[in-house]
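Number of protein chains: 2
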Amino acid sequence: MQFPKKTMDELLRIDAETYSQQANPNFTVILDHIRSAYNVGSIFRTADCFGIKTIYANGIETPLNHKELQKTALGAEKSVNYQFFPEIKVMYEKLKRDGFAILGIEQTKNSIPLNKIEMPNNTKIAIILGNEVMGICDEWLELVDQCIEIPQKGMKHSYNVSNSFSIVGWHFLRFTF
Amino acid sequence: MQFPKKTMDELLRIDAETYSQQANPNFTVILDHIRSAYNVGSIFRTADCFGIKTIYANGIETPLNHKELQKTALGAEKSVNYQFFPEIKVMYEKLKRDGFAILGIEQTKNSIPLNKIEMPNNTKIAIILGNEVMGICDEWLELVDQCIEIPQKGMKHSYNVSNSFSIVGWHFLRFTF
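Protein sequences appear in the order of chains A and B. Once you know that position 91 of the first sequence is 204 in our numbering, the rest is easy, because the numbers rise by one and skip nothing. Once you know that position 11 of the second sequence is 124 in our numbering, the rest is easy, because the numbers rise by one and skip nothing.
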């Protein structure tokens, strides 16, 4: 076999405690009114692969024992923290105190294409993913530092929210691997 | 409103005929025994956003009128072509005649991390996504030019297949936008 698959040992999986110690606190994602627990779970799974410390949420709180979340998270809800904020303003103030740039992933008239954005090194980044139908809520759009859109060429003109997270996360985090 | 959302007109959606004329024939994806029609549909949706002309498949043929495929494709099965090959060897020979480099997305002992790969400009690329549980089948692993893996830091050590497609597709296609 020219390309033998890695064994389980070679995959170097880590446990939840090691994860917590090594996790990246400088890149985070805010789930703004994400409706589908499948999407939330899927974002957990990818966040675990990216080594992200915390997922924030507002608008809709998805219980971590939700059956659909667990079906797509595949256990990643045990490594990545989840913090729900009833008040957007409170989350905003916390993230700003912590030094985050807050970037909405949204198709707005003045959004910057993802492939054109340049962030200074060591910028702490929080990205917002909006509701599957409505996008990012007005309250967040009044607060964000910038909007970024993933350019697209197709008939549908919308990426699924969990796939958007994968694309934007990889774009910013690829240098951390 | 500091970041007003784009209107439907401003999204510049195109129809299926225009899509077909503009679509990119030089980057494609091979679905090797992908089991979940939700995943297949989700890959269609992202492929439409990326402007990809054709999705290839082997092992499991998902009918385009499959209810679960349509639920996640959201109509993208009307813009992106789908070609199923009963024989891997026949697909391989066609893609090689057409000048494609064939890259398996798989965690193998000698795979190259996605963020380290460099392809010469204008390389035609076909990526293979393997079965959700088994990964890429042995027959393909004997034929591919190279294996690439998306690096990961977590407890789970596996990206969902449709999210893998989003990450790898964006990585190679981000310069085309």
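All C-beta atoms in this analysis are idealised placements derived from N, C-alpha and C, irrespective of residue type, glycine included. As the structure is a computational prediction, the values presented were derived from the model and not from experiment.
Taking 9 Å as the threshold (C-beta atoms), are B:Lys209 and B:Ile215 in contact?
yes
Between B:Phe140 and B:Ile165, what straight-line distance do the alpha-carbon atoms span, to the nearest angstrom?
One C-alpha to the other measures close to 7 Å.
May I ask you to list, following chain order, the residues of the stretch 205-222 of chain B that have a beta carbon less than 7 Å from some beta carbon of chain A?
Gly217, Glu219, Gln220, Thr221, Lys222
Starting from the beta carbon of B:Lys70, find every residue of chain A whose beta carbon is closer than 7 Å, and list them in chain order.
For chain B, the structure presents residues 114 to 290; residue 70 of chain B sits outside this window and is missing.
Could you list the residues in the stretch 180-196 of chain A with a C-beta less than 9 Å from some C-beta on chain B, going in chain order?
Thr185, Ala186, Leu187, Gly188, Ala189, Lys191, Ser192, Val193
Which residues, in order along the stretch 128-142 of chain A, keep a beta-carbon less than 9 Å from a beta-carbon of chain B?
Asp128, Ala129, Thr131, Tyr132, Gln135, Ala136, Asn137
Select from the stretch 252-275 of chain B all residues with a C-beta closer than 7 Å to any C-beta belonging to chain A, and list them in chain order.
Leu254, Glu255, Val257, Cys260, Pro264, Gln265, Lys266, Gly267, Met268, Lys269, His270, Tyr272, Asn273, Ser275
So A:Phe163 contacts chain B; which residues on that side make the cut at Cβ distance below 9 Å?
Gln265, Lys266, Gly267
Name the one or two DSSP bridge partners that A:Glu262 has.
A:Pro226
DSSP three-state assignment for B:Lys237, whether helix, strand or coil
strand
The alpha helix (DSSP H) spanning B:Asp251 covers which residue range?
251-254
Length of the line joining the Cα atoms of A:Gly142 and B:Lys207:
It should be noted that the sequence gives Val, not Gly, for residue 142 of chain A. Rounded to whole angstroms, A:Val142 to B:Lys207 spans 42 Å at the Cα level.
Can you tell me which residues form a DSSP beta bridge with B:Asp145?
B:Asn171
Give the residues of chain B in contact with A:Arg158, contact being defined as C-beta atoms less than 7 Å apart.
Lys269, Asn273
Below-9 Å beta-carbon distance, A:Asn178 vs any chain B residue
no
Between B:Leu125 and chain A, is any beta-carbon pair separated by less than 9 Å?
yes
Among residues of its own chain, excluding the 5 on either side of B:Ala186, which ones have a beta-carbon nearer than 6 Å to its beta-carbon?
Gly154, Phe157, Arg158
Strictly below 7 Å CB to CB, what residues from chain B border A:Phe290?
Pro226, Asn228, Pro264
When the distance is taken between beta carbons, is B:Gln265 closer than 9 Å to B:Ile230?
It is not a contact, given that the beta carbons lie outside the stated cut-off.
Residues in the same chain with beta-carbon distance under 7 Å from B:Gly282, minus the five sequence neighbours each way, listed in chain order, please.
Thr159, Phe163
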